[in-house]
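In what follows, a structure is listed as structure tokens, so that the remarks can point back to it.
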Amino acid sequence: MVEELGTTTEGDLVINIGPQHPATHGVLHLVVTLNGETIKKVEPHLGYIHRSIEKMCESLTYRQFIYVTSRMDYLSSHINNHACALCVEKGLQLEIPPRAQVIRVLVDELTRIASHELWWGAMAMDLGAFTPFFHAFRERENINDIMEETCGARLTMNYIVPGGVMADIHPNFQKRVKNFIQLFRSKADEYDELVTGNIIFQNRMKGVGYLSPEDAVSYGCTGPTARGSGVHCDIRKLYPYEIYNTLQFDEILESAGDSFARYMVRLREMRESVKILEQLIDNIPEGEFQAKTKAVLKLPKGEFYQRVETARGEFGVYIISEGATTPYRIKFRSPGFANLSVLNHISKGGKLGDLVASMGTLDLVIPDIDR
Amino acid sequence: MTTDEIKLSIATLVPAAVIEEGGEWLNVFIEPAAWKSLAFQLKHNKELSFDFLFCVTCVDWKTHLTMVYHLNSTVFRHHLVIKIKLDRNDPKIETVSDIWRTAEFNEREAYEMFGVQFIDHPDLRLLILPDGWEGRNPMRKDFEDAVNMIKL
Chain C
174 MVEELGTTTE GDLVINIGPQ HPATHGVLHL VVTLNGETIK KVEPHLGYIH
224 RSIEKMCESL TYRQFIYVTS RMDYLSSHIN NHACALCVEK GLQLEIPPRA
274 QVIRVLVDEL TRIASHELWW GAMAMDLGAF TPFFHAFRER ENINDIMEET
324 CGARLTMNYI VPGGVMADIH PNFQKRVKNF IQLFRSKADE YDELVTGNII
374 FQNRMKGVGY LSPEDAVSYG CTGPTARGSG VHCDIRKLYP YEIYNTLQFD
424 EILESAGDSF ARYMVRLREM RESVKILEQL IDNIPEGEFQ AKTKAVLKLP
474 KGEFYQRVET ARGEFGVYII SEGATTPYRI KFRSPGFANL SVLNHISKGG
524 KLGDLVASMG TLDLVIPDID R
Chain G
78 MTTDEIKLSI ATLVPAAVIE EGGEWLNVFI EPAAWKSLAF QLKHNKELSF
128 DFLFCVTCVD WKTHLTMVYH LNSTVFRHHL VIKIKLDRND PKIETVSDIW
178 RTAEFNEREA YEMFGVQFID HPDLRLLILP DGWEGRNPMR KDFEDAVNMI
228 KL
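Right under this line is the structure:
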């Protein structure tokens, strides 16, 4: 790759962004071709954190492989685990207790808020505002504490397992989540005052990185990235899993398709997640937190596909089973992989300084892309 | 479109297609040569409108490779799974990256991990693996590497 750098015969400048660059949020390497300050091409080079998780899973049992999947999209690790557990349960045709279902959705939505908080802080910091990062992490810390108490970990929780959840919730769980809801409600307006309404911020976001609805679908974009362009793609609404069809919440859609629209979708989604938390936190049914399962799980011969909505979009687990205790082949359809592929398309023709805004609002998590 | 109508359309477009029901979605097995024209119809036929290619998978069955394309329509919300058997020693299939743009990256991944050659792909290079890995396909079942141990 090194020989590509420098000035090309047409007089274009080729520069590297990453793999160690604060704006790439991880080890992503972009080779950017510039004409003056205008971007002609953005070419991602991946693999700095590739662990071949799909291949690893081929030699792990259906109980073990969940732990590896937390390490993909580490900001949505509960939701990744959830998808895998649902897929295994689909194969086993296993009913899970209502208590486990509610706990699963609660931790999923807490994860979604934590993920969006981190994105919001980091995104504002990329654009030069340092304070929001501390505000976001102040609230996110509460979620991490709740997770630590109940799951024993703050980042890669491995809490959702086939059959239910690993352990019952901590006695403090309900109290702390209620405290968090209250805290979030009082702080959420600060986010708008601090960043959203800021004229400098708006000028840097509006009209930058335009993505049309047709392109969003063609490039396979999902989650807030596609919803910013007005594409209905919330799996929780379209193909509801667990208890999402019984909950009251809105699918957030924006129509502008620019960076600011994608920003607004995520910001408003946090409030929707809080709505879900409020509906469930006082209604956790009593009973078992895990269904009775055999010690060794064996999926029947066949194929099973499960899709869920992570903080970044549609995450799919495709298990091909030959009837053994380990999957024959597992494919993870990661939302980040598809969202990254659109980066060249939306930043081409724009300015180099705007690349950070376009990239930031795609909310890329590199381990999720590399797998 | 109902499942029966989709079956009928597929049978008209590719008479040799083998259609299998029973799973979550309709499975269609076709020959590699029929893929490109079928893909074009699936996307652009107004009644089919399979505009969202949400998962591209390659599977190594030791005797052959299979490409699996999961399709969804954002208009009608129907699903379809296309499966295409490839020769394991010389896997070749036409690209669909001009029909669904998301295929460009997914095909590059299948190329490096399984060695599938995508004919007319605009930019068929390694995506995740480092330079110099051409010709060794880590996701194949018989891949062994003492240094980069990925089999647990």
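Note that the protein sequences, when read in sequence, are chains C and G.
Heads up: the first sequence at position 113 corresponds to 286 in the numbering used here, and the numbers run straight through without jumps.
Heads up: the second sequence at position 55 corresponds to 132 in the numbering used here, and the numbers run straight through without jumps.
A virtual CB, placed ideally from N, CA and C, is assigned to each residue, including glycine.
Can you name, in chain order, every residue of its own chain whose Cβ lies under 6 Å from the Cβ of residue 279/C, other than the five neighbours on each side?
The residues are 453.
Member of 185/C, 419/C, 202/C whose CA lies at the smallest distance from the CA of residue 207/G
Selected option, being the one with the closest Cα: 202/C.
Can you pull the chain C residues whose beta carbon is under 7 Å from the beta carbon of residue 165/G, in chain order?
The premise fails here: residue 165/G is roughly 15 Å from chain C at the closest Cβ pair, so nothing lies under 7 Å.
Check whether chain G comes within 8 Å of residue 506/C, counting only Cβ atoms and requiring the distance to be less than that.
Residue 506/C counts as touching chain G.
Any Cβ of chain G within less than 8 Å of the Cβ of residue 491/C?
Judged by the 8 Å Cβ criterion, residue 491/C is in contact with chain G.
Which ranges would you report for the beta strand (DSSP E) in the region 383–408 of chain C if only whole runs of at least 3 residues count?
Segments of the beta strand (DSSP E) lying fully in the region 383–408 of chain C: there are none.
For residue 221/G, the nearest candidate out of 209/C, 463/C, 228/C (CA to CA)
Of all alpha-carbon atoms in 209/C, 463/C, 228/C, the one lying nearest the alpha-carbon of residue 221/G is that of 228/C.
Assuming residue 207/C and residue 188/C are in contact, meaning their beta carbons sit under 8 Å apart, how far apart are those beta carbons, in whole angstroms?
With 8 Å as the limit, residue 207/C and residue 188/C qualify as a contact, their Cβ atoms being about 7 Å apart.
Helix or strand or just coil, what does DSSP make of residue 517/C?
In the structure shown, residue 517/C sits in a helix (DSSP, three-state: H, G or I).
Quick one: give me the first and last residue of the beta strand (DSSP E) that residue 488/C is part of.
For residue 488/C, the enclosing beta strand (DSSP E) stretches over residues 487–494.
Name, please, each residue of chain G whose Cβ falls closer than 7 Å to the Cβ of residue 255/C.
Result: empty, since nearest Cβ-Cβ is about 18 Å, beyond 7 Å.
Applying a beta-carbon distance threshold of less than 9 Å, which residues of chain C neighbour residue 136/G?
Residues of chain C passing the Cβ test: 493, 501, 502, 504.
Test: residue 78/G CB closer than 8 Å to a CB of chain C
Not one chain C Cβ lies under 8 Å of residue 78/G.
Per-residue contacts from residue 415/C into chain G (C-beta, under 9 Å):
Neighbours of residue 415/C in chain G, taken as residues whose beta carbon is under 9 Å from its own, are absent, since the nearest beta carbon is some 17 Å off.
Just checking: is the beta-carbon of residue 484/C within a distance shorter than 8 Å of some beta-carbon in chain G?
The Cβ of residue 484/C sits no closer than 8 Å to any Cβ of chain G.
Can you give me the Cβ contacts of residue 305/C inside the same chain, cut-off strictly under 8 Å, excluding the 5 residues immediately before and after it?
Within the same chain, and ignoring the five residues on either side of residue 305/C in sequence, the residues whose Cβ sits closer than 8 Å to its Cβ are 293, 294, 297, 298, 364, 367, 368.
For residue 178/G, would you say it is in contact with chain C, using Cβ-to-Cβ distances shorter than 8 Å as the test?
Output row for residue 178/G: interface = yes.
Which residues in the same chain as residue 191/C place their Cβ atom closer than 6 Å to its Cβ, once the five residues preceding and following it in sequence are excluded?
Closer than 6 Å at the Cβ level, and outside the excluded window around residue 191/C, lie 197, 201, 202, 203.
Excluding the five sequence neighbours on either side, which residues of its own chain have a C-beta within less than 7 Å of the C-beta of residue 379/C, listed in chain order?
Result list for residue 379/C: 431, 433, in chain order.
Going by other Cβ atoms of all chains shown within 10 Å of its Cβ, with 16 needed for buried, is residue 473/C buried or exposed?
Its Cβ having fewer than 16 others within 10 Å, residue 473/C is exposed.
On the DSSP letters alone, give me the boundaries of the alpha helix (DSSP H) that residue 439/C sits inside.
According to the DSSP assignment, residue 439/C belongs to the alpha helix (DSSP H) that extends over 432–454.
Whole angstroms is fine: what's the gap from residue 138/G's alpha carbon to residue 210/G's?
Rounded to the nearest angstrom, the two C-alpha atoms are 22 Å apart.
So which of 532/C, 513/C, 477/C has the shortest CA-CA distance to residue 103/G?
Closest option to residue 103/G, Cα to Cα, is 477/C.
Proximal chain C residues relative to residue 154/G, where beta-carbon distance stays under 9 Å
Simply 411, 412.
Can you tell me where the beta strand (DSSP E) holding residue 146/G begins and where it ends?
Bounds of the beta strand (DSSP E) holding residue 146/G are 141–149.
Classification of residue 95/G by the beta-carbon crowding that lies within 10 angstroms, buried from 16 upward:
With fewer than 16 other Cβ atoms within 10 Å, it is exposed.
Residue span of the alpha helix (DSSP H) that contains residue 323/C, given as start and end
304–324 is the span of the alpha helix (DSSP H), which, as asked, contains residue 323/C.
Kindly list the residues whose CB is nearer than 7 Å to the CB of residue 316/C, restricted to its own chain and excluding five residues on each side of it in sequence; keep chain order.
Contacts found: 283, 286, 287, 353.
Hey, out of 261/C, 330/C, 327/C, whose CA is closest to residue 497/C's CA?
Among 261/C, 330/C, 327/C, the Cα nearest to that of residue 497/C belongs to 261/C.
Within a Cβ cutoff of 6 Å, which residues of the same chain sit near residue 132/G, ignoring the five residues on either side of it in sequence?
So the list reads 147, once near-sequence residues are dropped.
Residues sharing a beta bridge with residue 189/C, DSSP:
Looking at the DSSP assignment, residue 189/C forms a beta bridge with 204/C.
With distances taken Cα to Cα, identify the nearest neighbour of residue 470/C among 321/C, 251/C, 335/C, 231/C.
Looking at the Cα atoms, 335/C is the closest of the given residues.
For the beta strand (DSSP E) that residue 482/C lies in, which residues bound it at each end?
That run of the beta strand (DSSP E) goes 475–482.
is_contact[residue 476/C, chain G] using C-beta, thresh 8 Å:
With 8 Å as the cut-off, residue 476/C counts as an interface residue toward chain G.
Cutoff 8 Å: residue 510/C Cβ touching any chain G Cβ
For residue 510/C, the answer is yes, since a Cβ of chain G falls inside 8 Å of its Cβ.
Helix, strand or coil for residue 427/C per DSSP?
Correct three-state label for residue 427/C: coil.
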